[in-house]
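S.K.:
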Amino acid sequence: MWSGGFSTGMQAIGGIEVGGDESYGGFGFSSPGRIYHNHYAPKAVSNRGSPRKSPGKRAASQAYPPSPHILKLQVSIRQNHGRIPPTISSPVQMHNQLRQLFQEQSGSVRVEKLPDGLKSLSPGEIFKLDAIQEGQLKVDGVSPEDIGRWEIEYPGVIENKNIQYEYNSLNGRFVIRCSTTPTHEALAQFFTEGVIGSFIERFGRTKAQSLIRAGTGMTFQDFKGDFCGRSKKIPDAYVMQPGAAFPTVVCEAGMSETHLQLMDDARLWLLHTEGQTKIVIVVEFTESFDGLSEEVGEKKPRVGDEKPEIEDNRPGMEGDKPGMEGHKLGMEGDKPGMENNGTEVESQGLGVENDGPQVENCVLEVSAEDNLSTSEEEMVVESIDSTTGYHDLSTKLLDLHRRGKLKEPLLGTLGAMVYLYQASEDGKDIVESFKATLLPRPKNEKEGLQPIGFGVTLGDLLGGGVPEGHSSVDEIEFSLERLAEFVNTAIPLTEKYRASSRAVKLLCEAGEWEERETYAQGKRRRLNQALD
């Protein structure tokens, strides 16, 4: 969805919202269709028949799945070294397993072998992935020939503006881009706003419109050195000159990618666009749940099944307790005698000898399940029934998260680094020209001894097309403090986004998810009926 030319990162409720082509003051912003859709009904998507077989015989191990609703993925999860079942046959199981597929502690999963599994990634299955997951599905070890066969098998994926995928022939990585969080999109909003505002201020609106195009979501291909022509990239944000084949400056934000993977993307831009791409700005996000247990902010979570013991340190206990050394509260000898007006411990009670437990045996056991946070969350989950509303459940989950009462928080502690990469002088590799910590922000003078921002020159943005009266070394400054504000402002929206996703998951698990046709699905169905 676009508002004033900038992606808002909002998701539709009860339908699929597809971004159209709009402009911001004539700058030609474009969005080739992004699905933001939490209100998804798995059974509502159909593939209109079985997958079309390509010519030639196939081995038994390469057979197509028995139905388009079965997704065969062989994966290995680094987090628990477990295996996801290779066959997913129900909507609820698909949701749960795909969530595990996409997320580890860092939010990334390495798919060890999936070229054969590309056969099961039909347009319908990709719509399901996009609707229930955030981030990216990454497949390693995919050859250009694999991509070619997959595109022949499903020709609809090439022209379908609702399906976004990338392929880097340099490292054989295939990526299906699913819905991104508002936090992820903060970089694109910050960068495009800064460039457009600066150009209007320097050159005026009319002149600025003729100099640059800035936007996000556009697919670029025909990279040099890719002889098969299969590489495709969708930058998170870009600036390019009108009529150019590639952008001059590219922004890439990564939540689940490793730093080396982000550098591979930077190499594709900087070394395989014939010098047209001058700078790649990378923001590497990390999300940590370390130190978070049942309640957000608990620094030392309990480990294992041991139950902590609470001992009573009242008078009458043996004197070797912390804080009682040398002060045994009237304990003389081996008898606990109190010298307060001659009263003895034995005289207390109802006059019945040993009318209660001995003090040394008074040990209270506390289970981790007894705390309030788990109880509140369990009460919400157990209350789900046919009357539970999706919006109400999402609101309750968001409230529990913000009060620190969720066992698994919706959002962990975010960290972020900013990098700028450029091609080396010989054009054989890339070099890091800037590096700084974005999150957390420096809190003292010593930590503050780092760059407060970075600049991009007009020469980098416009190449040799800098207007007369302006210098190619003039810079547009980008403040790290301002970028951090963009990210922090997006955090509440990301929490809300994930609360909605978790509400769908819980309703599916409880068997209370109402399956219905979305607006976009209905639009496609009516179009298909008109064509038949």
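Our numbering puts the sequence shown at residues 1 to 532. Note that beta-carbon positions come from the ideal geometry of N, C-alpha and C, so glycine has one too.
1. Is Y497 helix, strand or coil when you go by DSSP?
2. From K443, R482 and D426, pick the residue whose C-alpha is nearest to that of G453; which is it?
3. Would T192 pass as a contact of A214 if the rule is Cβ separation under 7 Å?
4. Rounded to a whole number of angstroms, what is the C-alpha to C-alpha distance between G194 and A237?
5. For E274, count neighbouring C-beta atoms within 10 Å of its own C-beta (all shown protein chains included) and say buried if the count is 16 or more, exposed if not.
6. Where does R78 sit, in a helix, a strand or coil, going by DSSP?
7. DSSP beta-bridge partners for Q422?
8. Would you report the Cα separation of S231 and T387, rounded to the nearest angstrom?
9. Is it the case that the stretch 255-267 contacts the stretch 388-403, given that we only count it when at least three CB pairs across the two stretches are under 8 Å?
10. Which residues bound the beta strand (DSSP E) around S288?
11. How many angstroms separate the CA atom of A244 from the CA atom of I158?
12. Under the rule that 16 or more other beta-carbon atoms within 10 Å means buried, what is R441, buried or exposed?
13. Less than 7 Å between the beta carbons of T494 and T216, yes or no?
14. What number of angstroms, rounded off, separates the C-alpha of G254 from the C-alpha of S169?
15. Whose C-alpha, out of W269, K428, M240 and F246, is nearest the C-alpha of E252?
16. Inspect the beta-carbon positions of R224 and T248 and report whether they are closer than 7 Å.
17. Kindly give me the distance between the Cβ atoms of L411 and L438, rounded to whole angstroms, as I take these residues to be in contact under 8 Å.
18. Taking C-beta to C-beta, are A188 and V487 nearer than 7 Å?
19. Helix, strand or coil for Y390 per DSSP?
20. Under a three-way DSSP split, which group does A245 fall into?
21. Taking all protein chains shown into account, decide if I152 is buried (16 or more other Cβ within 10 angstroms of its Cβ) or exposed.
22. If you run the structure through DSSP and keep just helix, strand and coil, what is C508?
23. If you run the structure through DSSP and keep just helix, strand and coil, what is M379?
24. Look at the Cβ atom of V283, then the Cβ atom of V418, and state whether they are nearer than 7 Å.
25. Reducing DSSP to helix, strand and coil, say where L271 ends up.
26. The beta strand (DSSP E) with F478 in it runs from where to where?
27. In its own chain, which residues sit with a C-beta less than 6 Å from the C-beta of V380, not counting the 5 before and 5 after it?
28. Would you mind stating whether E166 and K233 have Cβ atoms separated by less than 7 Å?
29. According to the neighbour-count rule (16 or more other Cβ atoms, all chains shown, within 10 Å of its Cβ), is T183 buried or exposed?
30. So, using beta-carbon positions, are R177 and Q136 closer together than 7 Å?
31. On the CB-based measure, 16 or more other CB atoms within 10 Å of its CB, does D385 come out buried or exposed?
32. Does the distance from the C-beta atom of I200 to that of V239 stay below 7 Å?
33. For a test of the three-state rule: what should DSSP assign to E309, helix, strand or coil?
34. With distance defined between alpha-carbon atoms, name the residue in T258, Q164, A416 and R205 nearest to P123.
35. Using CA atoms only, rank isn't needed, just tell me which of S256, I491 and P467 is closest to L398.
36. Go to T192, then tell me how far its alpha helix (DSSP H) extends in each direction, as first and last residue.
M.R.: With the structure as the only source:
1. For this step, residue 497 is matched to residue 497 along the sequence shown. Helix, per DSSP.
2. One-based indexing of the sequence shown puts residue 453 at position 453. Each of K443, R482 and D426 was checked against the Cα of G453, and the nearest Cα belongs to R482.
3. Looking up residue 192 in the sequence shown gives position 192. Looking up residue 214 in the sequence shown gives position 214. Cβ atoms of T192 and A214: closer than 7 Å.
4. If you number the sequence shown from 1, residue 194 lands on position 194. If you number the sequence shown from 1, residue 237 lands on position 237. Cα-Cα distance, rounded: 12 Å.
5. Counting from one through the sequence shown, the residue named residue 274 turns up at place 274. Residue environment for E274: exposed (fewer than 16 other C-beta atoms within 10 angstroms of its C-beta).
6. One-based indexing of the sequence shown puts residue 78 at position 78. The predicted position of R78 is uncertain, since its pLDDT is 32 and thus under 50; a value taken from the coordinates is nonetheless stated next. When secondary structure is reduced to three states using DSSP, R78 falls in the coil class, being assigned neither helix nor strand.
7. Against the sequence shown, residue 422 aligns to sequence position 422. Q422 pairs with V431.
8. Counted from its first residue, the sequence shown places residue 231 at position 231. Counted from its first residue, the sequence shown places residue 387 at position 387. Each residue's Cα considered, the two are about 48 Å apart.
9. The stretch 388-403 vs the stretch 255-267: no contact.
10. As a working mapping, residue 288 is identified with position 288 in the sequence shown. Unbroken beta strand (DSSP E) run through S288: I279 to S288.
11. Locating residue 244 in the sequence shown gives position 244, where the first residue counts as 1. Locating residue 158 in the sequence shown gives position 158, where the first residue counts as 1. Distance between A244 and I158, taken at the CA atoms: about 22 Å.
12. Here residue 441 is taken as the residue at index 441 of the sequence shown, counted from 1. It is exposed - the Cβ of R441 has fewer than 16 other Cβ atoms within 10 Å.
13. For this step, residue 494 is matched to residue 494 along the sequence shown. For this step, residue 216 is matched to residue 216 along the sequence shown. Cβ atoms of T494 and T216: not closer than 7 Å.
14. Counting from one through the sequence shown, the residue named residue 254 turns up at place 254. Counting from one through the sequence shown, the residue named residue 169 turns up at place 169. The alpha-carbon atoms of G254 and S169 are separated by roughly 19 Å.
15. As a first step, residue 252 is located in the sequence shown; it is residue number 252 there, counting from the start. The shortest C-alpha separation from E252 is found at W269.
16. As a first step, residue 224 must be located in the sequence shown, where it is residue number 224. As a first step, residue 248 must be located in the sequence shown, where it is residue number 248. Reading off the sequence shown, one finds Lys at residue 224, where the question assumed Arg. No; because the gap between Cβ atoms is not below 7 Å, this pair is not in contact.
17. As a position in the sequence shown, residue 411 is number 411, starting the count at 1. As a position in the sequence shown, residue 438 is number 438, starting the count at 1. Incorrect: roughly 17 Å between the Cβ atoms, too far for contact.
18. Taking the sequence shown and counting its residues from 1, the one referred to as residue 188 is at position 188. Taking the sequence shown and counting its residues from 1, the one referred to as residue 487 is at position 487. Not in contact: A188 and V487 (Cβ atoms no closer than 7 Å).
19. Locating residue 390 in the sequence shown gives position 390, counting from the first residue. Look at Y390 here: in three-state DSSP terms it is helix.
20. As a position in the sequence shown, residue 245 is number 245, starting the count at 1. Residue state, collapsed to three classes: coil.
21. By one-based count along the sequence shown, residue 152 stands at place 152. Flag for I152 reads exposed.
22. Indexing the sequence shown from 1 puts residue 508 at position 508. Three-state result, C508: helix.
23. Residue numbering aside, residue 379 sits at position 379 when the sequence shown is read from its first letter. Three-state DSSP puts M379 in a helix.
24. Locating residue 283 in the sequence shown gives position 283, counting from the first residue. Locating residue 418 in the sequence shown gives position 418, counting from the first residue. Result yes, Cβ atoms of V283 and V418 sit closer than 7 Å.
25. Position 271 of the sequence shown, counted from the first residue, corresponds to residue 271. In the structure shown, the three-state DSSP call for L271 is helix.
26. Counted from its first residue, the sequence shown places residue 478 at position 478. Here the beta strand (DSSP E) through F478 covers E475 to S479.
27. For the purposes of this step, residue 380 is identified with residue 380 of the sequence shown, where counting begins at 1. If we look at V380 and ignore the five residues flanking it on each side, its Cβ neighbours are K396.
28. In the sequence shown, residue 166 corresponds to position 166, counting from 1. In the sequence shown, residue 233 corresponds to position 233, counting from 1. Their beta carbons are under 7 Å apart, which means E166 touches K233 by this criterion.
29. Residue 183 sits at position 183 when you count from the first residue of the sequence shown. Looking at its Cβ environment, which holds 16 or more other Cβ atoms inside 10 Å, T183 is buried.
30. On the sequence shown, position 177 is the one that residue 177 refers to. On the sequence shown, position 136 is the one that residue 136 refers to. A contact, by the Cβ cut-off of 7 Å.
31. Working through the sequence shown from its first residue, we reach residue 385 at position 385. The residue in question, D385, is exposed, as its Cβ has fewer than 16 Cβ neighbours within 10 Å.
32. Against the sequence shown, residue 200 aligns to sequence position 200. Against the sequence shown, residue 239 aligns to sequence position 239. Taking 7 Å as the Cβ cut-off, I200 and V239 do not qualify as a contacting pair.
33. Residue numbering aside, residue 309 sits at position 309 when the sequence shown is read from its first letter. The predicted model places E309 with a pLDDT of 42, which falls under 50 and marks its position as unreliable; any figure quoted below should be read in that light. DSSP places E309 in strand when its eight states are reduced to three.
34. Residue 123 sits at position 123 when you count from the first residue of the sequence shown. With distances taken between Cα atoms, P123 lies closest to Q164.
35. Here residue 398 corresponds to residue number 398 of the sequence shown, with the count starting at 1. Selected option, being the one with the closest Cα: I491.
36. By 1-based counting over the sequence shown, the position of residue 192 is 192. In the DSSP assignment, T192 falls within the alpha helix (DSSP H) that extends over P182 to F203.
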